[in-house]
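Its first residue numbered 2, the sequence shown is counted upward by one per residue in the numbering used here. Every residue gets a Cβ at the ideal spot worked out from N, C-alpha and C, and that includes glycine. This one's a predicted model, so the numbers in the text were calculated from it and none came from an experiment. As structure tokens, the structure follows; a few thoughts come after it.
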Amino acid sequence: MSASLALPPHQDQHLVDDLETALLAAGSQRQNLDRKNVPSELLGRANNTRLVWFTLVDWAWIAAFWVGMTYAPTWTYPLWVVLIAGRIHSFGVILHDAAHQSIKRKSWQIRIVEIFAGYPMASTLNAMRYHHIRHHRDSGMAADPYFKPKVAGRPLIFFLIWLRHILLVPLWMIRGPYGLLAYLIPGMRNSYARVFLQDKSGEDLTHLRELIDCCKAELGQVVVHAGLFTFAYFRPEEALFYYFIPAIVAALFAGHRVLVEHNYTPVTDRRMETIMRTTVDHNMNWLGRIFLAPRNIGFHIAHHLHPQVALENLPKLRQWYLHNHPEVYPNQRTGNGL
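This is the structure:
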């Protein structure tokens with residue numbers, strides 16, 4: 002294994018600090034390309050109170066859309082579904098921003114984000130952090146949970162993989178009780194990690210503290226989903242039309258986003274120019290930023306170069322790279338998909 006790929010063993014809590022260390026160690030082969038040259042004012046990190054505010058704003062929009070759905074003509078229902086799905090998709094991006102923080106204990110703000118942004122799109126902070134930080138650390142490598150080499154240049158395969166995201170919300174709802182059982186039954190932990198957290202390490206994870214924490218964290222989501230299914234039992238139409246259908250559409254939005262964020266070229270290093278070559282900026286116009294890439298997540302190259310930078314800072318960060326490194330930072334969207 003090359004020096005740029007050598008990493009410490011799994012940490013008990015999470016890999017956020019490990020990710021930053023790995024990216025800094027990889028550096029760049031270009032003399033003038035260095036993360037340290039980026040102005041500090043462009044590198045502001047996520048603020049927990051701000052993440053709570055983003056969550057509350059999205060819930061306010063959803064409440065307004067629910068009112069519209071209730072009183073508008075029936076034929077407008079698809080419009081309301083798409084609008085609500087865009088905000089549920091945004092919840093995932095907000096939780097994702099929280100997942101990039103180097104924390105071992107959840108503050109009250111993070112708890113609010115996890116409950117009100119994470120649970121509605123069927124994820125805990127721990128689960129998001131487990132698979133997403135590994136994606137950043139091993140992007141384009143065999144251990145990357147999101148790496149799908151069969152997608153490259155094959156629209157039909159892209160479409161079929163995208164379509165299976167219809168099952169994402171039901172699958173992640175199953176993840177909760179399965180994870181709780183895995184907390185109690187160690188023999189279930191490896192399958193929990195590989196099926197639900199997309200772990201590709203091939204290691205025995207039975208006693209990995211980070212995984213056990215993921216299992217334990219499922220309790221809150223299971224309780225909330227139990228309440229949701231109780232509501233669905235008594236009010237099935239409301240649950241279906243106001244939540245489940247929009248959530249499935251949100252999963253399709255998220256699936257499309259994840260599939261177009263990279264060009265699926267296998268890599269063997271984490272250098273800055275490699276990240277720029279294999280990562281894709283997409284859906285940066287106003288329409289894309291509402292539905293397919295909310296909260297600036299479409300400014301994806303800058304995000305992979307600086308994973309802990311708050312999403313609201315990514316547009317200016319991208320402009321800095323385009324101005325200072327136009328020879329290496331792609332100026333147009335290139336990648337896969339429909």
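Asked, Found
"Endpoints, the alpha helix (DSSP H) within which threonine 231 is located", "210–235"
"Contact set for aspartate 98: own chain, Cβ-Cβ below 8 Å, skip 5 residues either direction", "Ala47, Leu52, Arg296, Ala311 and Leu312"
"Contact check, histidine 137 vs histidine 305, beta carbons under 8 Å", "yes"
"Close-in-space but distant-in-sequence residues of the same chain around aspartate 35 (CB under 6 Å, 5 per side omitted)", "none"
"Local Cβ density within 10 Å of proline 308, reported as buried at 16 or more and exposed below that", "buried"
"Outcome for glutamate 42 when other beta-carbon atoms lying within 10 angstroms are tallied against a minimum of 16", "exposed"
"Pairwise C-alpha distance: lysine 149 and alanine 118", "27 Å"
"Inter-stretch contact at 8 Å, needing at least 3 Cβ pairs: the segment 177–184 / the segment 218–226", "yes"
"Beta-carbon proximity of tyrosine 131 to leucine 198, cut-off 8 Å", "yes"
"Residues near tryptophan 62 in its chain [Cβ-Cβ closer than 7 Å; skip 5 each side]", "Arg88"
"8 Å Cβ shell around isoleucine 302 - same chain, five flanking residues per side excluded", "Ile276, Met277, Thr280, Val281, Asp282, Arg319, Tyr322, Tyr330 and Pro331"
"Proximity below 8 Å, CB of tryptophan 76 to CB of tyrosine 243", "no"
"Rounded straight-line distance, which links the Cα of tyrosine 72 to that of arginine 290", "27 Å"
"Supposed close pair isoleucine 116, asparagine 49 - CB separation, criterion 8 Å", "Wrong, their Cβ atoms sit about 14 Å apart, outside the cutoff."
"Option nearest arginine 272 by Cα separation, candidates Phe92, Thr125, Asp139 and Val225", "Asp139"
"Sub-8 Å separation of valine 17 and isoleucine 246 beta-carbons", "no"
"N-terminal and C-terminal residue of the alpha helix (DSSP H) that threonine 275 is part of", "273–279"
"Nearest residue (CA-CA) to valine 250, options Met122, Arg176, Gly141 and Lys201", "Met122"
"Status (buried if at least 16 other CB within 10 Å, exposed otherwise) for isoleucine 186", "exposed"
"CB-CB length for alanine 159 against leucine 44, believed under 8 Å", "The identity of residue 159 in the sequence shown is phenylalanine, whereas the question assumes alanine. Not confirmed; about 33 Å, so no contact."
"C-alpha distance - histidine 324 paired with asparagine 127, whole-angstrom precision", "37 Å"
"Bridge partners - valine 310, DSSP secondary structure assignment", "Arg46"
"Cα-Cα separation, serine 3 to glycine 141", "Unreliable positioning characterises serine 3 in this predicted model, as indicated by a pLDDT of 39, which lies under 50. The coordinate reading is nonetheless provided below. Approximately 16 Å between the Cα atoms of the pair."
"Sub-8 Å separation of histidine 90 and phenylalanine 254 beta-carbons", "yes"
"Whole-angstrom distance between alanine 227 and tyrosine 234, CA atom to CA atom", "10 Å"
"Burial state of glutamate 204 (16 or more Cβ within 10 Å)", "exposed"
"For glycine 28 and valine 56, the rounded distance between their alpha carbons", "A small fix is needed here, since residue 56 is threonine in this sequence, not valine. Taking the straight line joining both Cα atoms gives about 35 Å."
"Distance cut-off 7 Å: alanine 233 Cβ against heavy atoms of the ligand HEM", "The ligand HEM is not part of the structure shown, which contains no ligands of any sort."
"Helix, strand or coil at histidine 90 [DSSP, three-state]", "helix"
"Residues near arginine 135 by beta carbon distance below 6 Å, same chain, minus five either side", "Pro146"
"Short Cβ contact (8 Å threshold) for tyrosine 120 with valine 225", "yes"
"Rounded separation between methionine 174 and asparagine 38 - CA only", "44 Å"
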